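Be aware that the sequence shown starts at 10, since it is given in our numbering, and climbs by one per residue. Working notes, beginning with the structure itself.
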Amino acid sequence: MYDKHDETMLKFVEKFNGSLVCKNIEMRPNKVETYDNDGIFIDIYTNQSIGYDWEYRDRYFEHCKLEFDSLGQYERKLEKESIQISLQCDSTETGIAVGWHEDWLQEERERRALRTDSSWKENASIRYTNKFKIYSFSKIDLFKNMVASAMRIQEYSSKIFKIMTETVNSGIVVSTTNMPQTKQLSSPEAKSKGNAKTLVDFFKSKGLEIIDKRPNGGCLWVIGNENEIGLVVREACRKFHVGGNYGTEKEICQKQGWFTRARK
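Given below as structure tokens:
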């Protein structure tokens with residue numbers, strides 16, 4: 010079973026690192042057994058990292074469908090400060106159930122006799138949480154974006170799932186370190202396909218993280234800390250003449266630099 014653990018993890022690592030989004034985020038498995046975490050996610054620009062635990066589940070979880078409404082984790086793993094996130098792979102190698110240790114630690118411990126790789130059962134402490142999320146291998150970009158965003162805004166709990174799934178009908182949504190709620194930058198330029206692409210290239214050239222959900226009816230996410238986004242948004246307003254009937258540049262940049270309007 011442990012061979013399957015390593016085999017599935019290394020396949021997932023290859024998929025994760027092969028994703029073209031957030032290229033600064035890498036998944037690095039441990040080269041030798043440490044009896045600690047299974048590896049880290051690391052931002053190669055900042056050297057910031059978080060530890061992960063990998064588990065292969067051969068029962069009750071296949072084709073991205075978990076047979077239970079809660080996800081369990083051993084107390085012995087939750088006690089390790091070197092692990093922030095746990096990834097549990099389904100038996101068909103089509104998806105992972107993702108949970109943050111911070112969420113598990115909010116739950117009560119239970120003592121149970123649990124099945125092991127051997128024929129005997131382990132009497133161990135375990136916690137369960139319903140604050141987990143399943144990611145399909147076919148949409149690994151969504152998972153990678155989530156990890157990158159969690160590291161950027163340092164939100165290592167299920168709150169990041171909610172932040173990443175909040176969408177609006179159009180425009181640009183900005184999520185910042187000091188102000189994680191969404192803000193919408195809306196303009197004719199942002200909505201037009203040609204200029205929006207130029208705007209995307211502009212934000213990327215400034216080193217900001219981009220998540221473009223418009224092809225799926227979502228929106229364009231620009232993620233970074235408040236100061237860096239504020240400066241880039243101001244420059245974008247000037248460069249692309251964002252304003253017009255929506256207000257002057259001063260009005261656009263008021264309230265810490267964001268132009269907001271009510272959603273339709």
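All C-beta atoms, glycine included, are put in the ideal place defined by N, C-alpha and C. All of these numbers come straight from a predicted model, not from anything done at the bench.
Beta-carbon gap between residue i and residue j smaller than 9 Å
i, j, result
"residue 111", "residue 161", "no"
"residue 47", "residue 75", "no"
"residue 167", "residue 108", "yes"
"residue 87", "residue 121", "no"
"residue 8", "residue 79", "What the structure shows of the chain is the stretch from 10 to 273, and residue 8 is not part of that stretch, so it cannot be assessed."
"residue 106", "residue 148", "no"
"residue 102", "residue 213", "no"
"residue 209", "residue 31", "no"
"residue 274", "residue 53", "Residue 274 is absent from the model: the chain starts at 10 and stops at 273."
"residue 69", "residue 77", "yes"
Secondary structure of residue i, DSSP reduced to three states
i, result
"residue 14", "helix"
"residue 20", "helix"
"residue 215", "coil"
"residue 170", "helix"
"residue 68", "coil"
"residue 132", "strand"
"residue 244", "helix"
"residue 28", "coil"
"residue 153", "helix"
"residue 190", "At residue 190, the pLDDT of 36 sits below 50, so the modelled position is not reliable and the matter cannot be decided from this model."
"residue 142", "strand"
"residue 35", "strand"
Contacting residues, own chain, Cβ-Cβ under 6 Å from residue i (five flanking each side not counted)
i, result
"residue 67", "100"
"residue 257", "Annotation note: pLDDT 42 at residue 257 (below 50); position unreliable, coordinate value reported separately. Around residue 257: no qualifying Cβ."
"residue 145", "73, 104"
"residue 140", "112, 167"
"residue 215", "241"
"residue 115", "none"
"residue 201", "Bear in mind that the predicted position of residue 201 carries a pLDDT of just 42, short of 50, making it unreliable; the figure below should be weighed with that in mind. Taken in chain order, the list of residues that qualify is empty."
"residue 58", "49, 51"
"residue 81", "135, 137"
"residue 170", "142"
"residue 41", "none"
Neighbourhood of residue i by C-beta, 8 Å cutoff - its chain only, sequence neighbours within 5 removed
i, result
"residue 85", "133, 134"
"residue 92", "45, 46, 60, 61, 62, 86, 110"
"residue 64", "14, 95, 96, 97, 98"
"residue 118", "84, 134, 135, 136"
Chain B within 9 Å of residue i, Cβ atoms only
i, result
"residue 96", "Chain labels in this structure do not include chain B; a single protein chain is all it has."
Cut-off 7 Å between Cβ atoms - residues of its own chain near residue i, not counting five sequence neighbours on either side
i, result
"residue 37", "48, 49, 51"
"residue 337", "This structure gives no information on residue 337, because the portion of the chain shown stretches from 10 to 273."
"residue 43", "none"
Residue i beta carbon near the ligand SAM (any heavy atom closer than 8 Å)
i, result
"residue 28", "With respect to the ligand SAM, the structure shown offers nothing to examine, as it has no ligands at all."
Problem set entry | the stretch 137 to 154 contacting the stretch 13 to 28, beta-carbon criterion three pairs below 8 Å | yes
For this session: Run through the stretch 51 to 121 for me and flag every whole beta strand (DSSP E) of 3 or more residues, listed as ranges in chain order.
Result: 58 to 65, 80 to 83, 94 to 98, 104 to 109
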